[in-house]
Structure formats: C-alpha cells, structure tokens
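Numbering (the numbering used here), first residue to last: 193 to 303. Glycine included, C-beta positions come from ideal geometry on N, C-alpha and C. Nothing here was measured: the structure is a model prediction, and the numbers come from that model.
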C-alpha cells in the first residue's frame, strides 16, 4: 500500500513539473510588438549574432540588415529564454537567435 501511494505521489509530482521543462511556444507569453519610438535601446543583429540579453519589461528595437522590428519583452514569469524567430516578422530572421530574458526588476523582491 505504501509503495502504491509513493508511486502515485511521485507520478503526480512529475506531471506537475513537466510544464516547467516544456519549451514556450505561446507567443502571448513572450510580449508584444511595439513602436521604434518606444524602444529603450537598439540591438543590431549581425550574421554572427547567436543570442541577445534583454530584461523583462524592456522595449528593444532590433535591426537586421535594412529591416527592423521592435518588441516589448512583457513576458510571463516562467519565460527565461526563447527563439526570436517566434516574434520577428516572417522571413526576417533565417536562423535561431536566442533571447535570454532576465527578470523584470520592477517585480523582484516583492511579496
């Protein structure tokens, strides 16, 4: 009986933790498009760019060659990184570029 209960408890824990390891694909949890005028900084993506570091809540203007887009990183609290191809205009990025998102400082340390 104890073994069965332990097995059930372990299974429940594994099922509840599975979403924490799943890759984020819901774009609504990654932020939303913004205007270039609202951007706090600009990041130029070159052929050598593999990743970018941003802060939660930041509005970043990305320049890719002669094209650009602006993204507000208003992310879900579980989002720590994602592929910029998910939010860039179609065809703008032709490879994986990871956006590493640090926590929004406005919400750190609050209970």
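Using DSSP with H/G/I as helix, E/B as strand and the rest coil, what is residue i?
{"i": "residue 275", "result": "strand"}
{"i": "residue 213", "result": "In this prediction, residue 213 has a pLDDT of 48, which is less than 50 and means its spatial position is unreliable; nothing more can be read from the coordinates."}
{"i": "residue 239", "result": "coil"}
{"i": "residue 195", "result": "helix"}
{"i": "residue 220", "result": "helix"}
Can you pull the DSSP bridge partners for residue i?
{"i": "residue 225", "result": "263"}
{"i": "residue 252", "result": "233, 263"}
{"i": "residue 245", "result": "292"}
Our contact map puts residue i next to residue j with C-beta atoms below 8 Å; I'd like the distance itself, whole angstroms only.
{"i": "residue 234", "j": "residue 255", "result": "6 Å"}
{"i": "residue 266", "j": "residue 292", "result": "So it is not a contact: roughly 16 Å between Cβ atoms."}
{"i": "residue 243", "j": "residue 290", "result": "4 Å"}
{"i": "residue 251", "j": "residue 271", "result": "No, residue 251 and residue 271 are not in contact; Cβ-Cβ is about 16 Å, not under 8 Å."}
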